[in-house]
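Contents: one structure, followed by commentary.
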Amino acid sequence: MSFIEMKNICKKYAGAEKNSVTDFNLNVEEKEFIAFVGPSGCGKSTTLRMIAGFEDITSGELKIGGKVMNETAPRDRGIAMVFQNYALYPHMTVEKNISYGLKNMKVPADEIKKKVDWAVKILGLEEYRKRKPKNLSGGQRQRVALGRAIVKNQKVFLMDEPLSNLDAKLRVSMRNEISKLHRELGSTTIYVTHDQVEAMTMADRIVIMKDGIVQQVGKPMELYERPVNKFVAGFIGSPQMNFYDVTVKGNTVMFADGSKINLPENIITRLNGKKDGLILGIRGEDIKLDSQNLDLYKDSIQHSVVENTEVMGNENNLYFTFGGVNTVARVSKYEISQVGDGIDFVFSPARIHFFDKETEESIF
Amino acid sequence: MKTKAKKISGWILTVFMLIMSLFFLFPVVWMLANSFKGDALITADMNSAAAFIPPALNGSFFDNYITIIKDTSFLRYMVNTLFYAAILIVLGIVVNGLAGYALAKIKFPFADKWLLIIMMLMIIPSETIITINFLTIAKLGLLNNIIGYVLPMIVNPFNIFLFRQVFVSLPDDVYEAAQLDYCSPIKYFFTMVLPMSKTVVATVSVFTFLGVWNDYLWPSLVFTSSDLLTAQIGLNSITSNDNTTMGQTLAVITMITIPVIIIYSLFSKQIVEGVVSTGSKEG
């Protein structure tokens, strides 16, 4: 029996034509870190809020710790939540924000003090404990929100885009802090984000959603390496996967602009005879410009002209047109190209994905 | 850096505003200066600048005030009024605040229609319903009773509207966080909503105080016992008494005006912020 069980959970708002969440099924194990990820409006926050009890579950069953929680009040579900906008009590100091729940739970004063001391210490808030939220930075406020959640010893942590209001640098450090905190506390965590990097770097498993429907559930690398459909392939990974409409003749893949590449027999056979209505997907890092790969796949070398570059420091993104579509290749920092340079490249055959154009399901 | 022209126009504006404010201050200064004088001196100074200058500080300087305090119950009326204002501020914040909160945050059938009705009630002058209020209070046997005075004054559509406009912009996630912190809805209202809306609470308190302090008609209908009378009724009865001198009249008027000026000076920022915020926030 899993710690959190969600069976066929649906959410339909009054007056809405469509479900916001449809048949959401997920089992979360104790101490697991799950990330819900997807674009805006995909239903990830709605699902989290149904788990929290802030949204009614239209149909389906939610169990936490083996107990059905559909009708249970939020405070009796054994959860703590961190909100996107921190949701701190603006008129209370840091320590009062953190201790407020404990006071309401009638925890003895000395125990409250111990817990608040512990929380401010591990969150690095010792010197701010007498400050009010308006006198704190975004990162400090989010740490107070975390402190408020951790002192209550709840078994489930729900986090609704907790880092989305922070700047990029702070997001990275807070990401590490949350991961560290999760390991230290061993709480079951469900984390909602629209940032696939956050999901990839923090979660044990990722639930990727679109239009209220779960697209794929899996470990980060499973989603990256074996996406079940074009949406997942495109959503996970940055820069996003390149997609081309292609047809296959023999061992040759034909692109819309007439370009051709030859693929080994073992890859072609995996298409099970499907020759058209195909989408080829390849990630930027699997487009190779180095001489070793150009030698290896010399019968499939392609040529294009660099239209834009992004120098990232550790690597470069090269933008060019191939197969009639904008393409991005992620190359090492040593493979320097300028806008207007001609480049030769090959697709690493083993890294190519194929999708059915009609269903957008992955073929492999 | 300010240009010379801007500096000059700033100075001109300051001088102009100073002159304008003096115009508004003249009656108050005149009242204050003459409240310390005997009638003969008031008449003598009437047509000169001395009308705006208080008399020399001597043994009889506070005579008018001492007479009012000693010979009339005006101080008691003032204390009564302060007491009624305090009751109505507390009850008004609780009742109107809860109503405003319900309209802002709780989903219930026809909530928007209720708001419309409440807004329409704002345009009805209180004088038009005062007879009905009086008859109701009389039938309940609450004439000459503080409860009878207070009861019809608690609910105030304008204050409900003010509260509603401020509460509607309070973030919902704070309430959700409070729920997870084992905070009941009522506790949330008193320990979170009101402290988070200090400005509107201050505004409503000031408006309520001024309403009670300046009210004449309703207390004069409900109260006949002199123990319960309010400052405005006291002012009327003292000033209409033939034995009251002009100086004493001005002393009474000063006594009744000073608290209003103090309250306005202390809370003018909150009043402006409170009223402005009700218009500028999403609602």
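Residue numbers (numbering that gives the first Met the number 0), protein chains in the order written: chain A, 0 to 363; chain B, 0 to 282. Every residue gets a Cβ at the ideal spot worked out from N, C-alpha and C, and that includes glycine.
Original post:
In whole angstroms, what is the alpha-carbon distance linking LYS369(A) and ASP244(A)?
Top reply: Absent from the structure is residue 369(A), since the part of chain A shown begins at 0 and ends at 363.
Original post:
Which value, in whole angstroms, describes the spacing of the CA atoms of TRP117(A) and GLY77(A)?
Top reply: Their backbone Cα atoms lie some 21 Å apart in a straight line.
Original post:
Which partner residues does LYS209(A) have in the DSSP bridge list?
Top reply: Looking at the DSSP assignment, LYS209(A) forms a beta bridge with ILE212(A).
Subject >> Neighbour list for MET80(A) in chain B, Cβ cutoff strictly below 8 Å >> reply: Near MET80(A) (Cβ distances below 8 Å), the residues of chain B are GLU175, ALA176, LEU179.
Subject >> Pairwise C-alpha distance: PHE35(A) and GLY283(A) >> reply: Between the alpha carbons of GLY283(A) and PHE35(A) lies a gap of roughly 25 Å.
Original post:
Buried or exposed: which applies to SER39(A), given that a residue is buried once 16 or more other Cβ atoms fall within 10 Å of its Cβ?
Top reply: By the 10 Å Cβ count, SER39(A) comes out exposed.
Original post:
Quick one: what's ASN241(A) bridged to in DSSP?
Top reply: Answer is ILE281(A), bridged to ASN241(A).
**OP:** Starting from MET45(B), follow the alpha helix (DSSP H) in both directions and report where the run begins and ends.
**Re:** Counted as a single uninterrupted DSSP element, the stretch harbouring MET45(B) is not any alpha helix (DSSP H), since DSSP gives it neither H nor E.
Subject >> ASN315(A) vs LYS332(A) beta-carbon contact at 8 Å >> reply: Yes, they are a contact pair.
Subject >> Coil, strand or helix - LEU180(A) by DSSP >> reply: DSSP, reduced to helix, strand and coil, places LEU180(A) within a helical segment of the structure shown.
**OP:** Could you tell me which of LEU209(B), VAL275(B), SER125(B) sits nearest to PHE162(B), measuring between CA atoms?
**Re:** Sorting LEU209(B), VAL275(B), SER125(B) by C-alpha distance to the C-alpha of PHE162(B) places VAL275(B) at the top.
**OP:** Verify the CB distance criterion: does LYS356(A) have a CB-CB separation below 8 Å to chain B?
**Re:** Taking Cβ atoms only, chain B never reaches closer than 8 Å to LYS356(A), which makes this a no.
Subject >> Proximity below 8 Å, CB of TYR100(B) to CB of PHE188(B) >> reply: Their beta carbons are under 8 Å apart, which means TYR100(B) touches PHE188(B) by this criterion.
**OP:** May I ask you to list, following chain order, the residues of the stretch 168–196 of chain A that have a beta carbon less than 7 Å from some beta carbon of chain B?
**Re:** Of all residues in the stretch 168–196 of chain A, none has a Cβ within less than 7 Å of some Cβ in chain B.
Original post:
Skipping 5 residues on each side, what residues in its chain have a beta carbon closer than 8 Å to that of THR256(B)?
Top reply: For THR256(B), where only same-chain residues beyond five positions count, the Cβ hits under 8 Å are VAL27, MET30.
Original post:
So GLY210(B) is in the alpha helix (DSSP H); what residue range does that whole segment cover?
Top reply: Counting along the chain, the alpha helix (DSSP H) containing GLY210(B) begins and ends at 197–213.
**OP:** To the nearest angstrom, report how far apart PRO194(B) and ILE116(B) are at their CA atoms.
**Re:** Those two C-alpha atoms are separated by around 28 Å.
Original post:
Along the stretch 187–215 of chain B, what residues have a CB closer than 9 Å to any CB found in chain A?
Top reply: Listed by position, the residues of the stretch 187–215 of chain B near chain A (Cβ gap below 9 Å) are THR190, MET191, PRO194, MET195, LYS197.
**OP:** Indicate the three-state DSSP secondary structure (helix, strand or coil) for TYR318(A) in the structure shown.
**Re:** If DSSP states are grouped into helix, strand and coil, TYR318(A) belongs with the strands.
**OP:** Can you tell me which of LEU134(B), ILE185(B), LEU74(B) puts its alpha carbon nearest to the alpha carbon of ILE232(B)?
**Re:** Comparing Cα positions, the closest option is LEU74(B).
**OP:** Run through the stretch 157–187 of chain B for me and flag every whole alpha helix (DSSP H) of 4 or more residues, listed as ranges in chain order.
**Re:** Counting only runs that start and end inside the stretch 157–187 of chain B, the alpha helix (DSSP H) elements of at least 4 residues fall at 171–179, 184–187.
Original post:
Tell me which same chain residues have a C-beta within less than 8 Å of the C-beta of ASP343(A), skipping the five on either side of it?
Top reply: LEU288, LEU293, ILE300, GLN301, HIS302, listed in sequence order.
Original post:
Are the stretch 107–117 of chain A and the stretch 190–208 of chain B in contact at 8 Å, needing three or more beta carbon pairs?
Top reply: The answer is no - the stretch 190–208 of chain B does not touch the stretch 107–117 of chain A, with fewer than three Cβ pairs under 8 Å.
Original post:
Name the chain A residues whose beta carbon is nearer than 7 Å to that of PRO170(B)?
Top reply: Those are ASN84, ALA86, listed as they occur along chain A.
Original post:
Does DSSP put ARG140(A) in a helix, in a strand, or in coil?
Top reply: For ARG140(A), the secondary structure class from DSSP, reduced to helix, strand or coil, is helix.
**OP:** With a threshold of 16 other CB atoms inside 10 Å of the CB of ILE260(A), please say whether the residue is buried or exposed.
**Re:** Taking all protein chains shown into account, ILE260(A) has 16 or more neighbouring C-beta atoms within 10 Å of its C-beta and is therefore buried.
Subject >> Three-way DSSP call (helix, strand, coil) for GLN301(A) in this model >> reply: Of the three classes helix, strand and coil, the one that applies to GLN301(A) here is strand, per DSSP.
**OP:** Could you check the C-alpha separation between TYR64(B) and SER72(B) for me, to the nearest Å?
**Re:** Taking the CA atoms as reference points, TYR64(B) sits about 12 Å from SER72(B).
**OP:** Please determine, among SER8(B), GLY91(B), GLN247(B), TRP217(B), the residue with the shortest C-alpha to C-alpha distance to PHE60(B).
**Re:** When each option's Cα is compared against that of PHE60(B), the closest is GLN247(B).
Original post:
In whole angstroms, what separates the C-alpha of THR229(B) from that of ILE185(B)?
Top reply: As the crow flies, the alpha-carbon of THR229(B) is around 34 Å from that of ILE185(B).
Original post:
Looking at the structure shown, is ILE78(A) part of a helix, part of a strand, or coil, going by DSSP?
Top reply: Correct three-state label for ILE78(A): strand.
**OP:** Ignoring anything shorter than 3 residues or poking outside the stretch 20–52 of chain A, list the beta strand (DSSP E) runs there in chain order.
**Re:** At a cut-off of 3 residues, the continuous stretches assigned as beta strand (DSSP E) that sit fully inside the stretch 20–52 of chain A are 20–27, 32–36.
Original post:
Taking Cβ-Cβ distances shorter than 9 Å, what residues in chain B pair up with GLY65(A)?
Top reply: Per Cβ cutoff of 9 Å: no residues; GLY65(A) is ~21 Å from chain B at best.
Subject >> Three-state class that DSSP yields for ALA328(A) in the structure shown >> reply: DSSP, read as helix, strand or coil, puts ALA328(A) in strand.
**OP:** Under 8 Å Cβ to Cβ from TRP143(B), same chain only, skipping five residues before and after it: list those, please.
**Re:** A quick correction: the sequence has Asn, not Trp, at residue 143(B). Cβ neighbours of ASN143(B) beyond the five flanking positions: VAL221, PHE222, THR223, SER224, LEU227.
Original post:
If you measure from the beta carbon of MET311(A) to each beta carbon in chain B, is any gap under 8 Å?
Top reply: Output row for MET311(A): interface = no.
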